[in-house]
Amino acid sequence: MVYKSKIPAVNEPTIGFLQFLFENEFKISQDKPLLIDALDTARFLTFPQIKKLTLQFGAGLQDVCYFKKGDVLAIYAPNQYDYAIPVYGAIAASGTVTTINPNYNIEELYYQLSETESKVLIFHHDNADIALAAGTRAGIDRKNMFVFGDQAIKGVQPFRSMLLNVREAVLEDLTLKQCKNRIALLCFSSGTGGNSKGVMTTHANLTSNITQYAAFKKNVLNSKDSSRMLTVLPFYHAFGLMAAFCGAAPLSYELWNETMTRLPHLIIRQLYGSTETSPLVTIEPVDKVVGGSVGLLLPNMTAKIMGDDGHEITTYGERGELWIKGPNIMKGYLNNPGATAESIDSDGYLHTGDIVLTDRNGHFFIVDRKKELIKYKGFAVAPAEIEGILLTHPMIDDCAVIGVYNDDQATEDPRAYVVLRNPAAASEETGRMIMKYVTDQVVYYKQVRSIRFVSVIPKNSSGKILRRILREDAKNVNIKAFSSKL
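Number 169 in our numbering belongs to position 187 of the sequence shown; there are no gaps in the numbering.
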């Protein structure tokens, strides 16, 4: 069965991302603060200010950094009220922007900078040392490094004083074909194999998803944007850049119901999407909230639910992998045609790896995950990456990592199953030492939260780890696991 959106189809934009925004189709007020600094509300940006600063920034890139068509600007910083200026400015200069987790260490930052061949790096005072080390190692010229804020640090000047000059960039007019092929954003998505993959999001992907969401608001929510939203999602993430609801990890009916009971005047709605979908796929309507549901399909999208044997599921309530298709599906993975071919089939369907079911009213429910990724507080953690680090420890002979659900935190905690070279060394002290070994090499959400010492890692005849056996083991509350306090 092919599921289609119940919302009427919309005309997909045929112009570039910034031309689309600056047309102001949604009649945004010229003097209303749009982006406000939560710590100092006197600092804000209006629509005309955003447009002017964007074009000035784009011109500054061209004049100061010799930024050319197709060049990449990297942003390595926590949320800032003016974060959008370098994002839009790089696109205004006919380039691409890659946004980076501000908690990345040198190795992780270097990987993304080198993978994208970034030419310009903008960072924050808080992570200056890591930024300078990784940026230099990646070959970024020091004169092409800038910092947020008003003060220089370690000889690096603020982008506001260096790039916001009088001249304004002239936006390049794109044909529809160019809009569908020109990459605007390179957010990175974690893969099961270890290193994250650069998701190539085009101008058409972005304008289509904004239009899809606007149509959903008009036809389902019947509302206009008049409220203020406190942005807690990180801007480097696709959802932080584009959306504001409950997302990143499934919200169970039980937790939704408990929250609604405690806060009866609050409406909690889930949405679903991914970096690969630019990012929205489904949203829950305000007046028909179904506990545990991630909502209804956006317009111009179709979906299939596929069984393990490759057949299309036609029964409501039956589980299967979600396949989705629409104008917001990414162009592919950067420098990785193999991974692209594995994710998007010849009919254009993205195989999400998420197990879902639907009800008769078209509400989708995320019930499991086909992929091996661990979702720790909304962040994707690849077991293979952590296993690779663990196997470099001299005390470890073999290992496997799975996610163990933490009821108190409503998230999955990474747990390592470890085979020691000397089984007699198994102890709580050894467990803490091994966890610190991982902690010293990864961003915080990839840390191992507990360790279980075992005599053997269950594997099949080809050597693949049988994680389902470990998951069954994790359900046994009587089995001791050394927990991390880090």
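Virtual Cβ for every residue (Gly too), placed ideally from N, Cα, C. As the structure is a computational prediction, the values presented were derived from the model and not from experiment.
Subject >> Option in HIS106, VAL102 and GLY308 with minimal Cα separation from THR118 >> reply: Indexing the sequence shown from 1 puts residue 118 at position 136. Closest option to THR118, Cα to Cα, is VAL102.
**OP:** For the region 1 to 17 and the region 299 to 318, state whether three or more C-beta atom pairs, one from each stretch, are separated by less than 8 angstroms.
**Re:** no
**OP:** Along the beta strand (DSSP E) that carries LYS185, what are the first and last residues, could you check?
**Re:** Walking along the sequence shown from the start, residue 185 turns up at place 203. The sequence given here has His at residue 185, not Lys. Here HIS185 belongs to no beta strand (DSSP E); instead the alpha helix (DSSP H) covers 185 to 198.
Original post:
Should ARG244 be labelled buried (16 or more other beta-carbon atoms within 10 Å of its own) or exposed?
Top reply: On the sequence shown, position 262 is the one that residue 244 refers to. ARG244 should be labelled exposed.
Original post:
Going by DSSP, what residues sit across from MET288 in a beta bridge?
Top reply: In the sequence shown, counting from the first residue as 1, residue 288 sits at position 306. For MET288, which the question treats as bridged, DSSP gives the partners GLU294 and GLU303.
Original post:
Quick one: does the C-beta of LEU17 sit closer than 8 angstroms to a heavy atom of the ligand ATP?
Top reply: The ligand ATP is not part of this structure, which contains no ligands at all.
Original post:
So is LYS428 buried or exposed if we call it buried at 16+ other beta carbons inside 10 Å?
Top reply: One-based indexing of the sequence shown puts residue 428 at position 446. Looking at its Cβ environment, which holds 16 or more other Cβ atoms inside 10 Å, LYS428 is buried.
**OP:** Quick one: residues in its chain with C-beta nearer than 7 angstroms to the C-beta of GLY289, no 5 flanking neighbours on either side, listed in chain order?
**Re:** On the sequence shown, position 307 is the one that residue 289 refers to. Around GLY289: ILE295 and GLY302.
Subject >> Cβ shell of GLN133 (< 8 angstroms), same chain only, five flanking positions each side left out >> reply: Here residue 133 refers to the residue found at position 151 when the sequence shown is read from its first residue. Taken in chain order, the residues that qualify are HIS107 and PRO140.
Original post:
CB-CB under 7 angstroms to VAL46, same chain, minus the five flanking residues each way: which ones, in chain order?
Top reply: For the purposes of this step, residue 46 is identified with residue 64 of the sequence shown, where counting begins at 1. Cβ neighbours of VAL46 beyond the five flanking positions: MET144 and LEU145.
**OP:** Can you have a look at LYS441 and say buried or exposed, based on whether 16 or more other CB atoms are within 10 angstroms of its CB?
**Re:** Taking the sequence shown and counting its residues from 1, the one referred to as residue 441 is at position 459. Classification of LYS441: exposed, given that the 10 Å Cβ count is below 16.
Subject >> Start and end residues, alpha helix (DSSP H) containing PRO68 >> reply: Looking up residue 68 in the sequence shown gives position 86. Looking at the DSSP string, the run of the alpha helix (DSSP H) that includes PRO68 is 66 to 74.
Subject >> Reduced DSSP category for SER96 - H, G, I as helix; E, B as strand; rest coil >> reply: Numbered from 1 along the sequence shown, position 114 holds the residue referred to as residue 96. If DSSP states are grouped into helix, strand and coil, SER96 belongs with the helices.
**OP:** Look up PRO140 in the DSSP assignment and say whether it is helix, strand or coil.
**Re:** Along the sequence shown, one-based indexing puts residue 140 at 158. PRO140: strand per DSSP, three-state reduction.
Original post:
Since SER(-13) contacts LEU279 with CB under 8 angstroms, what's their CB separation in whole angstroms?
Top reply: Along the sequence shown, read from residue 1 onward, the residue named residue -13 stands at position 5. Along the sequence shown, read from residue 1 onward, the residue named residue 279 stands at position 297. Between LEU279 and SER(-13) the Cβ distance is about 4 angstroms, and since that is below 8 angstroms, they are a contact.
Subject >> Classification of HIS293 by the beta-carbon crowding that lies within 10 angstroms, buried from 16 upward >> reply: Against the sequence shown, residue 293 aligns to sequence position 311. That one is exposed.
Subject >> Candidates VAL430, THR28 and GLU154, of which the one nearest GLY413 by Cα >> reply: Locating residue 413 in the sequence shown gives position 431, where the first residue counts as 1. Cα-wise, what sits closest to GLY413 is VAL430.
**OP:** Kindly give me the distance between the Cβ atoms of CYS161 and GLY(-2), rounded to whole angstroms, as I take these residues to be in contact under 8 angstroms.
**Re:** Looking up residue 161 in the sequence shown gives position 179. Looking up residue -2 in the sequence shown gives position 16. That pair is a contact at about 6 angstroms.
**OP:** Kindly indicate which three-state DSSP category GLU394 falls into: helix, strand or coil?
**Re:** Taking the sequence shown and counting its residues from 1, the one referred to as residue 394 is at position 412. Correct three-state label for GLU394: strand.
**OP:** Within the same chain, show all residues whose beta-carbon is closer than 6 angstroms to that of VAL138, passing over the 5 residues directly before and after it, in chain order.
**Re:** By one-based count along the sequence shown, residue 138 stands at place 156. MET127 and VAL129.
Subject >> Proximity below 9 angstroms, CB of LEU35 to CB of LEU27 >> reply: Here residue 35 refers to the residue found at position 53 of the sequence shown. Here residue 27 refers to the residue found at position 45 of the sequence shown. Yes, the Cβ-Cβ distance between LEU35 and LEU27 is below 9 angstroms.
Original post:
For SER76, does the count of other Cβ atoms within 10 angstroms reach 16, so buried, or fall short, so exposed?
Top reply: As a first step, residue 76 is located in the sequence shown; it is residue number 94 there, counting from the start. Under this definition SER76 is a buried residue.
Original post:
Are the CB atoms of PHE8 and ALA196 nearer to each other than 9 angstroms?
Top reply: The count along the sequence shown starts at 1 and reaches residue 8 at position 26. The count along the sequence shown starts at 1 and reaches residue 196 at position 214. For PHE8 and ALA196, yes; Cβs fall inside 9 angstroms.
Subject >> From TYR48, ILE82 and LEU37, residue whose alpha carbon lies closest to that of ILE57 >> reply: Within the sequence shown, the letter at position 75 stands for residue 57. If we check each option's Cα against that of ILE57, ILE82 comes out closest.
Original post:
According to DSSP, is VAL46 helix, strand or coil?
Top reply: Within the sequence shown, residue 46 is the residue found at index 64, counting from 1. Helix at VAL46.
**OP:** Report all residues from its chain with a CB closer than 8 angstroms to the CB of TYR298; omit the five preceding and five following residues, and keep chain order.
**Re:** Within the sequence shown, numbered from 1, the residue matching residue 298 stands at position 316. Excluding residues within five positions, the ones whose Cβ falls inside 8 angstroms are LEU339, THR340, ASP341 and ARG342.
Subject >> With 16 other Cβ atoms within 10 Å as the buried cut-off, status of LEU262 >> reply: Position 280 of the sequence shown, counted from the start, is the residue given in the question as residue 262. Classification for LEU262: buried.
Original post:
If you follow the alpha helix (DSSP H) that PHE4 is part of, which residue opens it and which one closes it?
Top reply: By one-based count along the sequence shown, residue 4 stands at place 22. That run of the alpha helix (DSSP H) goes -1 to 4.
Original post:
Which two residues bound the contiguous alpha helix (DSSP H) that contains ASN163?
Top reply: Here the question's residue 163 lines up with position 181 in the sequence shown. Taken as a continuous stretch (DSSP letters only), the alpha helix (DSSP H) holding ASN163 covers 158 to 163.
Subject >> Those residues which DSSP pairs with LEU55 across a bridge >> reply: Stepping through the sequence shown from its first residue, residue 55 is reached at position 73. VAL79 and VAL102, per the DSSP bridge assignment.
Subject >> Where ALA226 sits in the DSSP three-state scheme >> reply: Position 244 of the sequence shown holds residue 226. Per-residue confidence for ALA226 stands at a pLDDT of 41, beneath the threshold of 50, marking its modelled position as unreliable; the derived number appears in the next sentence. Residue state, collapsed to three classes: coil.
**OP:** Please report how far the alpha carbon of TYR52 lies from the alpha carbon of LYS179, in whole angstroms.
**Re:** As a position in the sequence shown, residue 52 is number 70, starting the count at 1. As a position in the sequence shown, residue 179 is number 197, starting the count at 1. First, the amino acid is wrong: residue 52 is Gly here, not Tyr. If you take the alpha carbons of GLY52 and LYS179, they lie about 19 angstroms apart.
Original post:
With burial defined as no fewer than 16 other Cβ atoms inside 10 Å of the residue's Cβ, what is the status of ASP13: buried or exposed?
Top reply: If you number the sequence shown from 1, residue 13 lands on position 31. Exposed, because fewer than 16 other Cβ atoms sit within 10 Å of the Cβ of ASP13.
**OP:** Would you check if the region 91 to 102 and the region 246 to 261 touch, i.e. whether three or more CB-CB distances between them fall below 8 angstroms?
**Re:** no
Subject >> Reduced DSSP secondary structure (H/G/I, E/B, other) of VAL338 >> reply: Along the sequence shown, read from residue 1 onward, the residue named residue 338 stands at position 356. Correct three-state label for VAL338: strand.
Original post:
By how many angstroms is the C-alpha of TYR331 removed from the C-alpha of ASN282?
Top reply: Position 300 of the sequence shown, counting from 1, holds the residue named residue 282. Position 349 of the sequence shown, counting from 1, holds the residue named residue 331. Roughly 13 angstroms between the two C-alpha positions.
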